[in-house]
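Chains as they are written, first to last, in our numbering: chain X, 20 to 358; chain H, 95 to 389.
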Amino acid sequence: MSAYEMRSNFGPLHVLTGNQVRDALEDVLQKFTVVAPVMADNKLVYDEVNDVSDIVLNDALPYKSPKDVVFPRVEDVMRFLENRVEEAQVIKPVLLVGAKPCDLAAMKVLDEVFTGEQGRYKDSFYSNRRDFLIIVGMNCREKKSGCFCEERGINPAFSQDCDGFLTLQDDGAVYEPLTEKGADLFSGATAASENSVSPGEETLVLNTSEAEVFTAMPWEKYAEGCIGCGTCTFICPTCHCFNLRDSEKKGIVTRTRVWDSCMYPKFTLHAGGHNPRTRKYERFRQRVLHKYLYIPENYGCTACTGCGRCIRSCPGGLNIRNTVLDIQRRLAEKREVHV
Amino acid sequence: MDYEMQSRRLAEIAAKLLEDETVEAVLGLRNNPEAGWPTPYCARTPQDAERLVWNEACYTNLAFYLTEMRGKTAIVAKPCDVRSIINLISENQLDRDNFIIIGIECEGKRKDGKPAPGCDACPSSIPGFWDIAIGADGSDTWCDLPMAQTGENVTQWAKKSTVEERFDRFLKEINQCILCYACRQACQGCYCVSCFMDRKATPWEQIDADTGSKIAFHLTRAMHLAGRCTDCGACEKVCSSGVNLKYIYKGLSEFVEETYGFKAGVNPEATPVMNRYEADDPQVAFLGGDCIVGI
Ligand code: SF4
Ligand code: SF4
Ligand code: SF4
Ligand code: SF4
Ligand code: SF4
């Protein structure tokens with residue numbers, strides 16, 4: 020990849036005052052279902068908005084990721100009726116406003132898994148929602164405890180992985196359209212766009228093989244505090260495992276897709292009773308290696324954005340960043356010894 | 095409350111226990127700036143012991159970890175941890191010979207600037223039993239501090255509210271629940287190898303997958319904790335979604351205490367209330383009885 024990427028040009032920048040941002044939001048609310056950061060029971064979440072005044076555009080990162088928009092926690096995907104089968108068809112244009120650069124990067128990972136070229140199949144339920152989704156990203160000026168997006172090559176000030184990008188400033192904002200879908204969403208006084216942006220360098224990566232780390236790393240020590248609650252995977256923007264369940268009501272069978280988590284012991288329980296991952300360190304190892312080794316191998320990208328959500332929410336104090344750093348350090352030491 | 099003195103004495107005691115090889119590990123908490131609050135830590139060497147901390151954010155209940163420890167362990171336990179340990183002993187989940195309790199006096203913890211869940215109802219600053227004591231001033235005697243005891247009386251609330259009000263409160267709480275089961279995992283009483291929620295093809299999967307599952311999970315879990323909940327608040331403390339359902343468990347505890355005179359986490363020798371059978375059981379909790387708790 021070249022050090023400089025050209026920005027796509029879909030019109031000039033728009034410089035907006037605070038009121039203009041509000042008016043533009045009023046306007047999009049008439050046209051789309053809008054999902055944006057809102058307060059719910061004292062927690063900032065991405066949720067459907069009914070009133071512009073509920074939208075919270077600031078530097079706080081919602082505690083859960085916005086992946087529900089394309090990959091809901093619970094979703095009916097099929098119905099089996101007496102003599103036919105119906106597949107769910109969700110055609111609902113949704114506008115996601117205020118997604119931070121880390122969450123935009125995560126959406127790229129999900130796209131890769133569910134619809135990407137490298138993926139072995141295309142998930143129609145995900146694609147349906149994704150095709151009708153317009154995303155307006157937003158800058159992030161506050162590094163929370165546990166955030167490490169920059170080590171993951173993410174620039175908190177700007178991202179192109181969206182249809183338009185809103186840069187909040189102390190008074191108002193600047194909107195930059197990045198695709199055709201994002202062209203006319205916000206308008207204000209126009210200004211010329213800078214045409215290059217340097218992507219950051221990913222320093223937190225694992226350049227290794229499974230054979231080198233699977234048994235050689237102190238996984239038991241890393242995972243000591245884990246209580247197997249699954250919170251880390253549920254609030255993670257890139258975790259995407261699901262389970263399918265069938266249920267019957269009045270003769271109609273509904274197939275539902277629900278999130279699942281590799282941190283649960285039952286995740287890998289086989290029909291015959293065998294379970295290849297009975298210990299919690301084996302499950303934590305799966306979570307770390309899936310993000311930093313297997314997804315990179317299969318899709319060419321690392322599935323951790325450095326949003327730090329799992330670090331801030333883990334009751335056991337587990338820390339994926341420190342774990343990867345420790346593995347990096349141990350690998351470096353080992354390689355030094357060998358030279 | 096002198097956290098500094100308590101921490102100092104804790105580090106000394108832990109280092110000594112490890113040095114003497116009285117124990118193989120000391121279970122406690124360490125500072126964790128990335129997480130934003132102290133998180134569980136297992137000290138294994140006298141040097142490790144220096145990392146143990148004790149302050150107003152040390153709200154995590156460590157009893158669960160004790161069930162996982164191999165080898166002799168010392169656990170840093172405040173009153174609610176000890177209540178949980180007592181419950182686990184009475185249910186034969188812990189062998190008293192395998193661990194040492196470093197009881198530590200506590201006047202209530204704080205989480206996000208507020209009293210931590212459970213602390214407002216905690217009856218005493220002194221742990222129910224202990225092997226080594228760390229009092230509020232860091233000495234080896236208890237100060238017996240006054241406790242807030244401002245926790246709501248759920249029975250009273252339930253009696254004066256309508257069915258709709260009770261149901262609304264419950265629905266409002268489960269609204270943000272993402273069914274991650276962190277509350278179950280953190281609960282001392284939820285140690286089942288195979289939780290009903292993990293069983294496939296159960297009747298509760300026949301209902302709508304979202305609200306229905308949440309209702310089935312939370313109400314069944316509440317039933318399973320009746321007479322076993324030690325009001326430690328761990329379930330609310332770990333919930334990343336801010337779901338506050340401990341009131342149901344508290345209501346059940348109040349009911350069990352009133353009806354059967356039993357309180358979980360008080361006496362390790364007592365037969366757990368659910369293990370007792372009495373021919374003259376008032377049976378008020380059965381269908382048709384007049385028990386209303388929370389919902
Ligand atoms: S790593 Fe932390 S958040 Fe994830 S399952 Fe274990 S205890 Fe829960
Ligand atoms: S920091 Fe944690 S929650 Fe965030 S993307 Fe990485 S693994 Fe997921
Ligand atoms: S921890 Fe919270 S979100 Fe998770 S299942 Fe329990 S109540 Fe629901
Ligand atoms: S239900 Fe909640 S308060 Fe009761 S013992 Fe379990 S975690 Fe503690
Ligand atoms: S909810 Fe019930 S079945 Fe599940 S772990 Fe808790 S006590 Fe066991």
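Here a beta-carbon is modelled for each residue, glycine too, at the ideal position from N, C-alpha and C.
The structure presented is a predicted model; accordingly, all values stated were derived computationally and were not measured.
Strand pairing of residue i, partner residues [DSSP]
i, result
"glutamate 221(X)", "Arg171(X)"
"histidine 33(X)", "Tyr194(X), Thr209(X)"
"glutamate 67(X)", "Val54(X)"
"methionine 97(X)", "Glu106(X), Arg274(X)"
"cysteine 323(H)", "In DSSP, cysteine 323(H) forms no bridge with anything."
"threonine 79(H)", "Nothing can be reported for residue 79(H), as the shown portion of chain H is limited to 95 through 389."
"proline 134(H)", "Leu123(H)"
"asparagine 262(X)", "Val277(X)"
"phenylalanine 184(X)", "Gly156(X), Glu195(X)"
"lysine 240(X)", "Answer is none; lysine 240(X) lacks a bridge partner."
"glutamate 267(X)", "Val272(X)"
"valine 113(X)", "Thr52(X), Leu152(X)"
Short CB-CB distance (under 8 Å) between residue i and chain X
i, result
"asparagine 181(H)", "no"
"valine 332(H)", "yes"
"glycine 197(H)", "no"
"cysteine 274(H)", "yes"
"lysine 128(H)", "A small correction: the amino acid at residue 128(H) is glutamate; lysine does not occupy that position in the sequence shown. Answer yes: the Cβ-Cβ gap between glutamate 128(H) and chain X drops below 8 Å somewhere."
"glutamine 243(H)", "no"
"glutamine 282(H)", "no"
"proline 438(H)", "Nothing about residue 438(H) can be read from this structure; chain H reaches only from 95 to 389."
"glutamine 377(H)", "no"
"aspartate 262(H)", "no"
"proline 140(H)", "no"
"proline 297(H)", "Confidence at proline 297(H) is low in this model, with a pLDDT of 49, below 50, so its placement is unreliable and no value can be given for it."
Cβ-based neighbour list, residue i, same chain, cut-off 7 Å, excluding 5 preceding and 5 following
i, result
"cysteine 216(H)", "Pro173, Cys174, Gly202, Met241"
"glycine 135(X)", "Tyr318"
"cysteine 152(H)", "Leu123, Pro132, Lys203"
Cβ shell of residue i (< 6 Å), same chain only, five flanking positions each side left out
i, result
"glycine 249(X)", "Ser280, Met282, Tyr283"
"serine 178(X)", "Pro120, Leu123, Gly156"
"proline 196(X)", "Phe29, Gly30, Gly183, Ala202"
"phenylalanine 311(H)", "Met291"
"leucine 114(X)", "Val47, Phe51, Val53, Ile153"
"isoleucine 314(X)", "Ala322"
"aspartate 73(X)", "Val57"
"alanine 55(X)", "Val68, Ile74, Val116, Gly117"
"tryptophan 298(H)", "Reliability fails at tryptophan 298(H), whose pLDDT of 49 lies under 50, so the model's placement of it is uncertain and no value is given."
"glutamine 300(H)", "Residue placement at glutamine 300(H) is flagged as unreliable, the pLDDT there being 49, under the threshold of 50; a coordinate-derived value is accordingly withheld."
"glutamate 355(X)", "none"
Residue from the options with nearest C-alpha to residue i
i, options, result
"phenylalanine 90(X)", "Asp130(X), Gly319(X), Met58(X), Ala118(X)", "Asp130(X)"
"valine 96(X)", "Cys333(X), Asp265(X), Pro295(X)", "Asp265(X)"
"aspartate 375(H)", "Leu339(H), Ala358(H), Glu352(H), Gly359(H)", "Glu352(H)"
"glutamate 128(H)", "Lys163(X), Leu185(X), Ile110(X), His289(X)", "Lys163(X)"
"glycine 327(H)", "Ala276(H), Ala364(H), Arg293(H), Ser288(H)", "Ala276(H)"
"cysteine 260(X)", "Asp142(X), Thr297(X), Gly165(X)", "Asp142(X)"
"glutamate 246(H)", "Asp214(H), Val287(H), Thr154(H)", "Asp214(H)"
"glutamate 330(H)", "Met163(H), Arg278(H), Leu239(H)", "Arg278(H)"
"valine 193(X)", "Arg354(X), Ala351(X), Ala43(X)", "Ala43(X)"
"asparagine 102(X)", "Ile271(X), Thr287(X), Ser84(X), Arg354(X)", "Ile271(X)"
"alanine 280(H)", "Thr365(H), Arg293(H), Thr154(H)", "Thr154(H)"
"lysine 83(X)", "Thr314(H), Val287(H), Cys274(H), Tyr371(H)", "Cys274(H)"
"aspartate 190(X)", "Val34(X), Lys353(X), Lys200(X), Trp238(X)", "Val34(X)"
"asparagine 125(H)", "Val117(H), Cys136(H), Thr116(H)", "Cys136(H)"
"proline 366(H)", "Gly283(H), Asp231(H), Asp304(H)", "Gly283(H)"
"arginine 41(X)", "Phe151(X), Val93(X), Leu204(X), Asp150(X)", "Leu204(X)"
"leucine 304(H)", "Arg276(X), Val356(X), Asn338(X), Ser332(X)", "The question names leucine, but residue 304(H) is aspartate in the sequence shown. Selected option, being the one with the closest Cα: Arg276(X)."
"glutamine 43(H)", "Leu160(H), Val117(H), Gly229(H), Glu162(H)", "Outside the displayed range of chain H (95 to 389) lies residue 43(H), so it cannot be described from this structure."
8 Å Cβ cutoff, residue i in contact with chain H
i, result
"proline 31(X)", "no"
"glutamate 239(X)", "no"
"tyrosine 82(X)", "yes"
"serine 146(X)", "no"
"isoleucine 173(X)", "no"
"glutamate 301(X)", "no"
"isoleucine 330(X)", "yes"
"lysine 285(X)", "yes"
Cβ-based neighbour list, residue i, same chain, cut-off 8 Å, excluding 5 preceding and 5 following
i, result
"proline 209(H)", "Gly202, Lys203, Ala242"
"glycine 292(X)", "none"
"isoleucine 221(X)", "Correcting the residue type first, residue 221(X) is glutamate in the shown sequence and not isoleucine. Hits under 8 Å: Glu170, Arg171, Gly172, Thr321."
Worksheet entry | Residues with C-beta closer than 6 Å to any heavy atom of ligand 4, in chain order | Gly212(H), Ala280(H), Cys281(H), Gln282(H), Gly283(H), Leu319(H), Cys323(H), Thr324(H), Asp325(H), Cys326(H), Gly327(H), Ala328(H), Cys329(H), Lys340(H), Tyr343(H)
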